[in-house]
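Undergrad: Adding 9 to a residue's 1-based position in the sequence shown gives its number in the numbering used here. Glycine residues also receive a C-beta, built at the ideal position from the N, C-alpha and C atoms. Can you keep this structure in mind? I'll have questions shortly.
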Amino acid sequence: MGWVSTDNEHEGWAACVAPDGRLSGSSSGEGMLFRGISGRYKRDKMMPDYDVVPDAEIVGWRGQCTCGWQGQMWERVISPADADFQHRRDYVSPEDSAHASLRVEDAIHDEWKAHIGPSEALLGVEAAAREYNQAGHRLDKTVAAAKAAGASWADIGRAVGISRQSAHERWADKQ
Ligand SMILES: [Zn+2]
Numbered sequence: 010m011g012w013v014s015t016d017n018e019h020e021g022w023a024a025c026v027a028p029d030g031r032l033s034g035s036s037s038g039e040g041m042l043f044r045g046i047s048g049r050y051k052r053d054k055m056m057p058d059y060d061v062v063p064d065a066e067i068v069g070w071r072g073q074c075t076c077g078w079q080g081q082m083w084e085r086v087i088s089p090a091d092a093d094f095q096h097r098r099d100y101v102s103p104e105d106s107a108h109a110s111l112r113v114e115d116a117i118h119d120e121w122k123a124h125i126g127p128s129e130a131l132l133g134v135e136a137a138a139r140e141y142n143q144a145g146h147r148l149d150k151t152v153a154a155a156k157a158a159g160a161s162w163a164d165i166g167r168a169v170g171i172s173r174q175s176a177h178e179r180w181a182d183k184q
């Protein structure tokens, strides 16, 4: 139903906001579903832990992520003339389903992408670090093999691109 990060740690969506501030978890034909029983709304038949809030009562939208992140509020206005994208206000007819408009949903998607940006970028660091460590182990093994085969520290230093002394310092006590 939502957007999933590459590492599957984050799933985000554009949630509807109830008058009491709760964020929707789902929707049905009768309205938006909100976890928790306030006593003000009827309960959903399939999910008895959820209130059904009529579409007309939804006051806005905001991004939500399974990690707990929430985006800034997008306010629902009561007339088309009050819609103002720059100020995070949008109009959806009270006759319609209260889902965010495509434009607001796209904006919330962008907010969510910015939210997961750091963890997506860190995946690249993790992959590079893995390769770096593997290459380090391979270097240690090949140096040991070269030494065993009779190469000098000067030879090994030259092959690695470092001084004889640096090669000796790095690998002599690993022999
Ligand atoms: Zn998240």
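Nearest to Ser-14 by CA position, among Val-86, Cys-76, Ser-172 and Pro-89, is which residue?
TA: The option with the nearest alpha carbon to Ser-14 is Cys-76.
Undergrad: Nearest to Pro-28 by CA position, among Ala-65, Glu-39 and Arg-112, is which residue?
TA: Comparing Cα positions, the closest option is Ala-65.
Undergrad: By alpha-carbon positions, which one of Tyr-50, Ser-35, Ala-157 and Phe-43 ends up nearest to Lys-183?
TA: Among Tyr-50, Ser-35, Ala-157 and Phe-43, the Cα nearest to that of Lys-183 is on Ala-157.
Undergrad: Which of the three DSSP states, helix, strand or coil, is assigned to Asp-60?
TA: Reduced to three states, the DSSP call for Asp-60 is strand.
Undergrad: Any heavy atom of ligand 1 closer than 8 Å to the CB of Thr-7?
TA: No answer is possible for residue 7: the residues shown for the chain start at 10 and end at 184.
Undergrad: My guess is that Val-61 and Arg-52 are in contact by the Cβ rule of under 8 Å, so how many angstroms apart are they, rounded?
TA: Indeed they touch by this definition, with Cβ atoms about 7 Å apart.
Undergrad: Rounded to a whole number of angstroms, what is the C-alpha to C-alpha distance between Val-86 and Tyr-100?
TA: Rounded to whole angstroms, Val-86 to Tyr-100 spans 5 Å at the Cα level.
Undergrad: Could you check whether the Cβ of Ile-125 sits closer than 8 Å to any heavy atom belonging to ligand 1?
TA: True, at least one ligand heavy atom lies under 8 Å from that Cβ.
Undergrad: On the three-state DSSP scale, how would you describe Lys-122?
TA: Three-state result, Lys-122: helix.
Undergrad: Among Glu-104, Ile-125 and Met-82, whose alpha-carbon lies nearest the alpha-carbon of Phe-94?
TA: It is Met-82 whose Cα lies nearest to the Cα of Phe-94.
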